[in-house]
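Structure, as structure tokens:
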Amino acid sequence: MKIKLEIKVFSKERPNGFIFNKMYDASVVPNIGEKVKDNIFVEHKSVIDVIYDFDQNEVKVCLISKEMPDHALNGHIQEVATLHNWVQKIKKEEDTK
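When we follow the numbering used here, the leftmost residue of the sequence shown carries the number 7, and every step to the right adds one.
Listed below in structure tokens is the structure:
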């Protein structure tokens with residue numbers, strides 16, 4: 007089954023921030039409260055939600071959001087995410103309302 011990790015990165019000035027995803031093949035799904043390690047994180051991130059999508063044969067694992075300084079959201083976070091194979095989720099119009 008595929009696991010889609012998802013994390014929101016935001017600042018006080020931009021509370022909606024950005025959402026990033028990363029896909030993994032896995033035989034085990036983390037539970038809420040467990041921690042996930044990825045090279046992009048200095049510290050392990052806690053799982054706050056797990057959503058099974060059996061039609062897509064994937065599990066969305068939502069990680070606790072990360073607050074950053076506003077200037078870091080101006081390109082730096084996108085560059086670092088790309089280096090670690092994270093993909094920025096493009097917000098649909100209904101997501102911004």
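Glycine residues also receive a C-beta, built at the ideal position from the N, C-alpha and C atoms.
Owing to the predicted nature of the structure, the values given are computational and were not obtained by experimental measurement.
Straight-line measurement puts the Cα of Lys10 at about 24 angstroms from the Cα of Asn80. Looking at the DSSP output, Gln94 bridges to Phe26. For Val86, the enclosing alpha helix (DSSP H) stretches over residues His82 to Leu89. Secondary structure at Asp61: coil, using DSSP grouped into helix, strand and coil.
Excluding sequence positions up to five before and after Asp76, its CB lies within less than 8 angstroms of the CB of Ser17, Lys18, Glu19 and Arg20, all in the same chain and listed in chain order. Between Asn63 and Lys8, the alpha-carbon positions lie close to 7 angstroms from each other.
Between Glu12 and Asn27 a beta carbon distance of about 5 angstroms is seen, short of the 8 angstroms cut, so the two are scored as contacting.
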